[in-house]
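Colleague: What follows is a single structure, and I will ask about it in a moment.
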Amino acid sequence: MRKPIIGITCNTLLVDGAIQPGITRIFVNTPYVDAISLAGGIPLLLPPVTNPTLICDQVSTVDGLILSGGPDVNPLLYKEEPLTNLGTVNHARDQYEVQVVQAAEKLNKPLLGICRGIQMINVVYGGTLYQDLSDIDGCNIKHLQSVSQFNALWHSVDIQPTSMLAQIVGKNKLIVNSYHHQALKTVAPGFAVTAHAKDNVIEAIECQGNHFILGVQWHPELLAEKYTVMLSLFQDLVKRA
Ligand code: MN
1 MRKPIIGITC NTLLVDGAIQ PGITRIFVNT PYVDAISLAG GIPLLLPPVT NPTLICDQVS
61 TVDGLILSGG PDVNPLLYKE EPLTNLGTVN HARDQYEVQV VQAAEKLNKP LLGICRGIQM
121 INVVYGGTLY QDLSDIDGCN IKHLQSVSQF NALWHSVDIQ PTSMLAQIVG KNKLIVNSYH
181 HQALKTVAPG FAVTAHAKDN VIEAIECQGN HFILGVQWHP ELLAEKYTVM LSLFQDLVKR
241 A
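The numbering of the sequence shown is my numbering, which starts it at 1 and goes up by one.
Below is the structure:
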């Protein structure tokens with residue numbers, strides 16, 4: 001039997017100064033690929049396409065999925081106006097990932113959302129986001145970490161002891177990294193919050209039904225090589241796939 005294939009959604013980049021003006025490229029940060037390889041899966045990059053049938057074909061080709069980090073989700077998707085501190089949005093990627101999540105639901109593919117990924121999952125299932133952490137009363141932890149190593153730990157999170165997340169990592173408390181300026185506001189129906197930062201910012205959610213959907217606000221892929229507890233998130237996804 002072959003190893004499970006884990007699809008990773010990608011970013012697009014408009015290439016300034018390319019010899020083909022207006023050309024875009026598709027990419028993902030290498031640690032996603034490395035983390036899946038290390039966890040025993042076959043990493044496969046999923047380029048954003050527009051044809052809905054093709055999106056379903058892509059999702060049916062893989063055994064599990066990672067929604068990777070990236071730019072802000074367009075607030076129109078959760079029926080809000082864009083506020084002053086919203087960052088960059090990528091309409092094409094939003095459109096693509098909404099359909100990837102829907103296809104994963106239809107085809108019952110295990111889904112791990114990372115950073116933007118937890119936010120996208122929450123929005124697709126009917127939740128909303130804070131467009132910037134400054135919109136949250138009492139949010140006083142620096143969630144955009146400032147340290148020169150990409151694999152450094154930053155703030156603690158408290159994990160719901162009875163959650164799937166606690167089972168996977170085998171702990172009720174973790175020190176994680178933090179590279180976000182947005183956070184979940186209302187949580188989508190059918191999902192439970194399973195980790196909080198000390199300032200109550202939501203750091204993880206999971207689906208309460210039979211479909212495996214886990215979202216984390218931090219970036220475990222950056223820590224997976226150094227910390228086995230972070231690798232365990234990818235090993236669990238590979239096992240379920
Ligand atoms: Mn954080």
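Every residue gets a Cβ at the ideal spot worked out from N, C-alpha and C, and that includes glycine.
What you are looking at is a predicted structure, and each value in this text was computed from that prediction instead of being measured.
Taking only runs of the alpha helix (DSSP H) that begin and end inside the stretch 27-89, which ones reach a length of at least 4 residues, in chain order?
Modeller: Runs of the alpha helix (DSSP H) lying entirely within the stretch 27-89, each at least 4 residues long, are 30-38, 52-61 in chain order.
Colleague: My guess is that leucine 165 and leucine 214 are in contact by the Cβ rule of under 8 Å, so how many angstroms apart are they, rounded?
Modeller: 7 Å
Colleague: Taking 6 Å as the cut-off, is the CB of histidine 219 close to at least one heavy atom of the ligand MN?
Modeller: no
Colleague: Quick one: what's got a C-beta closer than 7 Å to valine 62's C-beta in the same chain, skipping five residues either side?
Modeller: So the list reads Ile5, Ile6, Gly7, Leu44, Lys109, once near-sequence residues are dropped.
Colleague: How far does the alpha helix (DSSP H) with serine 232 in it extend, from its first residue to its last?
Modeller: 228-240
Colleague: On the DSSP bridge assignment, give the partners of leucine 174 in chain order.
Modeller: Val157
Colleague: Taking 6 Å as the cut-off, is the C-beta of alanine 197 nearer than that to any heavy atom in the ligand MN?
Modeller: yes
Colleague: Would a C-beta distance cut-off of 7 Å place cysteine 10 and valine 28 closer than the cut-off?
Modeller: yes
Colleague: Any heavy atom of the ligand MN closer than 6 Å to the CB of histidine 181?
Modeller: no
Colleague: Hey, would you say isoleucine 118 sits closer than 7 Å to valine 216, going by beta carbons?
Modeller: yes
Colleague: DSSP on arginine 25, reduced to helix/strand/coil?
Modeller: strand
Colleague: Let me check you understand the geometry: is the CB of serine 178 closer than 6 Å to at least one non-hydrogen atom of the ligand MN?
Modeller: yes
Colleague: Assess contact between the stretch 48-57 and the stretch 96-116, defined as three or more Cβ pairs (one per stretch) separated by less than 8 Å. Is contact present?
Modeller: As far as the Cβ criterion goes, the stretch 48-57 touches the stretch 96-116, which means the pair count is three or higher.
Colleague: When you measure from the CB of histidine 143 to every non-hydrogen atom of the ligand MN, does any distance come out below 6 Å?
Modeller: Result yes, Cβ under 6 Å from the ligand MN.
Colleague: For glutamate 203, does the three-state DSSP call read helix, strand or coil?
Modeller: In the structure shown, glutamate 203 adopts extended strand secondary structure according to DSSP, grouped into three states.
Colleague: Consult DSSP for isoleucine 136 and reduce its assignment to one of helix, strand or coil.
Modeller: coil
Colleague: Where proline 234 and proline 31 are concerned, what is the direct C-alpha to C-alpha distance, given to the nearest angstrom?
Modeller: Here residue 234 turns out to be phenylalanine, not proline, going by the sequence shown. Each residue's alpha carbon lies about 12 Å from the other.
Colleague: Work out the CA separation of arginine 2 and leucine 83 for me, nearest whole Å.
Modeller: In this structure, the alpha-carbon of leucine 83 lies about 47 Å from that of arginine 2.
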